[in-house]
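Comments concern the structure below.
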Amino acid sequence: MKTDIEIAQEATLKHISEITAGLNLTEEDWEPYGHTKAKLSDNLLTKLKEKPNGKIVLVTSINPTPAGEGKSTVTVGLGQALNKIGKKAVIALREPSLGPVMGMKGGAAGGGYSQVLPMGDINLHFTGDLHAITSANNALAALIDNHIHRGNDLNIDPRRIEWKRVMDMNDRALRQIVVGLGGPLRGVPREDGFTITVASEIMAILCLATSLDDLKERISQIVIGYTYEEEPITVKDLKVEGALTLLLKDAMKPNLVQTTENTPAIIHGGPFANIAHGCNSIMATKTAAKLGDFVVTEAGFGADLGAEKFLDIKSRAGKFETDAVVIVATVRALKMHGGVDKDKLTVENVDALKSGMENLKKHIETIEQFGLPFVVAINKFPTDTEAETNFIESWCESRNIEVALTEVWAKGGEGGVALAEKVLEKTEQADRNFQYMYELEESLETKIRKVAQRVYGADDIELSSKAKKQIAFYQQQGWGELPVCMAKTQYSLSDDPSLLGRPSGFTITIRELRASVGAGFIVVLTGDMMTMPGLPKKPAALNMDVTQDGKIVGLF
Numbered sequence: 001m002k003t004d005i006e007i008a009q010e011a012t013l014k015h016i017s018e019i020t021a022g023l024n025l026t027e028e029d030w031e032p033y034g035h036t037k038a039k040l041s042d043n044l045l046t047k048l049k050e051k052p053n054g055k056i057v058l059v060t061s062i063n064p065t066p067a068g069e070g071k072s073t074v075t076v077g078l079g080q081a082l083n084k085i086g087k088k089a090v091i092a093l094r095e096p097s098l099g100p101v102m103g104m105k106g107g108a109a110g111g112g113y114s115q116v117l118p119m120g121d122i123n124l125h126f127t128g129d130l131h132a133i134t135s136a137n138n139a140l141a142a143l144i145d146n147h148i149h150r151g152n153d154l155n156i157d158p159r160r161i162e163w164k165r166v167m168d169m170n171d172r173a174l175r176q177i178v179v180g181l182g183g184p185l186r187g188v189p190r191e192d193g194f195t196i197t198v199a200s201e202i203m204a205i206l207c208l209a210t211s212l213d214d215l216k217e218r219i220s221q222i223v224i225g226y227t228y229e230e231e232p233i234t235v236k237d238l239k240v241e242g243a244l245t246l247l248l249k250d251a252m253k254p255n256l257v258q259t260t261e262n263t264p265a266i267i268h269g270g271p272f273a274n275i276a277h278g279c280n281s282i283m284a285t286k287t288a289a290k291l292g293d294f295v296v297t298e299a300g301f302g303a304d305l306g307a308e309k310f311l312d313i314k315s316r317a318g319k320f321e322t323d324a325v326v327i328v329a330t331v332r333a334l335k336m337h338g339g340v341d342k343d344k345l346t347v348e349n350v351d352a353l354k355s356g357m358e359n360l361k362k363h364i365e366t367i368e369q370f371g372l373p374f375v376v377a378i379n380k381f382p383t384d385t386e387a388e389t390n391f392i393e394s395w396c397e398s399r400n401i402e403v404a405l406t407e408v409w410a411k412g413g414e415g416g417v418a419l420a421e422k423v424l425e426k427t428e429q430a431d432r433n434f435q436y437m438y439e440l441e442e443s444l445e446t447k448i449r450k451v452a453q454r455v456y457g458a459d460d461i462e463l464s465s466k467a468k469k470q471i472a473f474y475q476q477q478g479w480g481e482l483p484v485c486m487a488k489t490q491y492s493l494s495d496d497p498s499l500l501g502r503p504s505g506f507t508i509t510i511r512e513l514r515a516s517v518g519a520g521f522i523v524v525l526t527g528d529m530m531t532m533p534g535l536p537k538k539p540a541a542l543n544m545d546v547t548q549d550g551k552i553v554g555l556f
C-alpha cells in the first residue's frame, strides 16, 4: 500500500494558472508562489461582492482517537466528488502546524487519493503565513518588554502581562520561563512563557478578520496586560497596530492550491480546535463561496469543539449561513469508543461498535440542536468488515439518519459520490431552523454552562475561584457579550481525555479564562488543557528525511 507522500509525488499537478483560469480569475486577482501555489488578492472579495454565494458544507466528526477519523480526507474527497457529479466545488481548509507534523497527529492535507497538493509544501513552510504570525506575535512581545525597560510610561504591571511569546512547534520546555535576567541592560526580569503559534490570538484574529482594515482594528484591541491599578492595556495604547498589520499583509491573502484530482482548494489560517477556534479563515471560506457553487470546509476535531466554534464563533463573525453538515465516523474509532484497545481494532467486534455508537449519537444530537441538516459519512478503512459497516448503516437508517459509506482515501472523488449526492439533497432542504447554542447577551457563566451541558452532556460546570473573579472582572470591562471559546481535550466529551464513548454524570471544571478581545471571544480553559503541547516519546520527525535530489521521505 502506497503512503500519502508517495501518492502525492506521483500525482499530476496542473500549473496554478490553469486552476485560476478555471475559477475565472484575472491576473490582478492572484500572484504565483511557484508553479503550484498562489496567493489570492485580499481585494478579491470586494470585487466579487455582488456574486451570489455558493452553499457552505461543514465537515465535522466524532471525538478523535489514535485510530484516526480522516476528516480532512473526507472533506477533500467530498469536494472532488461534487465535481464528479457536475457541481463546481471549492475546498477550504486550515494550514497545518509544524508542531503536530513533527509530533504525532500529522498534517492536515488529507490522505490517499483525496489530498491537497503540494502536500510536502503545505505540511512544512507553505507560503510562510504561520511564520508571519509568529513574527508579529513575538514583535509585540519584544515591544512590550522594551516599553517597560524604557521607562514604562503606560504603568504596565510586569506581573500582569498576558501576552506570551509563540513558536510553531511543540516544546514543553518553554511553557514557563523567566526573561530579562542578567542585569539592567537586559531588561526587567519577569515570568513569561511560550504558546504554540496556532493558539496565538493573532492567528485567531487573522482567521476572523474580514479585511486588512478589520485586521488592524482587531489587533489594536488586543489586551496585552494590565496596569498596577488593574486597568487593561491594549496594542492601541502601545501604538504598534500598524507595524503588526504590516507584518501580516501578505499572510492575510488566502492561499490557492489543488487536490489530487485538480479540484481548487483554498488553505488559509490554522488555529487549533482544542485550544483555539479551529477553523480556517473567514476570508478563505467567503472567497471560496464566491468562486464555487459549493464550499466544502472542515472544523478541527469533533463536533463538540470545531463545529460548535465554527457555528457559534466563526459564522457569527463572518455573517454567513451553513447549509449542511457531514459527521465523519470510522469503524475503528467507534470501536475504541466502545472499549477496544488500539492493537485489537482489526478484529471484527460489532458489540464494541454498538457501544461506541453512543459517541456518534451525541454529536448527531449537537448538530440537531443547531437545527442543521446532516449526513453521517462512514470513512472506510481496509480492515473494516462488511458486518461492521452494515451495522452502522442499519443503526442510522433505523433512526431516519442519512448515511453514506465513503472510500475517498482509496478511490478519490469516485469513492465519495454517494456522499456527495446525499449532501446535495440536504443543501436543497428549505426547512432548516438554525439557532446558536447561546445568545451573546447571556452572561459568560450561562454561555459556558450551555456549551458544557448541551454540547458535552455535562451535569454542570465548576468554576475555580480564579475563574469566578475573572468572569466578574470581564463583565465589568464590557466583555461579557463576547462568545466563549472552550479549550478542552479533543479525545472526550468531558474534560478528562480518558473518558471515551459518551460519559455521563460528569462536571466540567473551569480553571481560568483569557480575554481575546481582538479576536472577539473569551477563551475558557477547562481541566488540564495547556496552550503549548509537547512532543511524544517517538516524534514523527524520526521518520522524516530528504534525499540528495530534494525528494521528501517519511512525511506520512
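Per full-length UniProt numbering, the sequence shown runs over residues 1 to 556.
C-beta: ideal position from N, C-alpha, C; glycine also.
Predicted model only: the values in this text are computed from it and were never measured.
Determine which residues share a DSSP beta bridge with residue i and list them.
i, result
"Asn-379", "Thr-406"
"Pro-232", "Tyr-226"
"Asn-255", "Lys-39, Ile-267"
"Ser-72", "Ser-72 pairs with nothing; no bridge assigned."
"Asp-192", "Ile-177"
"Phe-294", "Lys-55, Ala-89"
"Ser-61", "Val-328"
"Ala-515", "Ile-522"
"Met-486", "Val-524"
"Glu-462", "Thr-509"
"Asp-168", "Bridge partners of Asp-168: none, in fact."
"Ala-136", "Partner(s): none; Ala-136 has no beta bridge."
Label residue i either buried or exposed according to how many other C-beta atoms from any shown protein chain fall within 10 Å of its C-beta, with 16 as the threshold for buried.
i, result
"Tyr-228", "exposed"
"Asn-63", "buried"
"Ser-504", "exposed"
"Asn-123", "buried"
"Leu-93", "buried"
"Thr-366", "buried"
"Val-451", "buried"
"Glu-201", "buried"
"Thr-46", "exposed"
"Pro-483", "buried"
"Pro-52", "exposed"
"Glu-397", "exposed"
"Ser-315", "buried"
Helix, strand or coil: how does DSSP classify residue i here?
i, result
"Thr-210", "coil"
"Arg-316", "helix"
"Ala-276", "coil"
"Arg-175", "coil"
"Gly-110", "strand"
"Trp-163", "coil"
"Glu-31", "strand"
"Pro-533", "coil"
"Glu-428", "coil"
"Asp-129", "helix"
"Ala-67", "coil"
"Ile-552", "strand"
"Phe-374", "strand"
"Ala-81", "helix"
Have a look at residue i and residue j and give me their C-alpha separation to the nearest angstrom.
i, j, result
"Gly-182", "Thr-406", "60 Å"
"Ala-299", "Leu-185", "46 Å"
"Pro-497", "Leu-25", "46 Å"
"Phe-391", "Val-417", "21 Å"
"Thr-3", "Leu-535", "23 Å"
"Lys-49", "Glu-231", "40 Å"
"Tyr-456", "His-277", "16 Å"
"Asn-349", "Arg-218", "51 Å"
"Asp-237", "Arg-160", "16 Å"
"Met-167", "Ala-173", "12 Å"
"Met-530", "Cys-485", "14 Å"
How about residue i and residue j: do their beta carbons lie closer than 8 Å?
i, j, result
"Thr-263", "Tyr-113", "no"
"Gln-429", "Pro-373", "yes"
"Ala-515", "Ile-522", "yes"
"Ala-199", "Phe-272", "yes"
"Val-59", "Val-408", "no"
"Gly-501", "Gly-371", "no"
"Ala-458", "Asn-274", "no"
"Val-57", "Val-296", "yes"
"Asp-528", "Met-437", "no"
"Thr-346", "Gly-318", "no"
"residue 637", "Gln-176", "The structure shown does not extend to residue 637, since the chain spans only 1 to 556, so no value can be given for it."
"Lys-249", "Leu-212", "yes"
"Glu-353", "Val-331", "According to the sequence provided, residue 353 is Leu. The question's Glu does not apply to it. Yes, Cβ-Cβ distance for Leu-353 and Val-331 is below 8 Å."
Spell out whether any CB of chain B is found under 8 Å from the CB atom of residue i.
i, result
"Gly-413", "Included in the structure is just one protein chain, with no chain B present."
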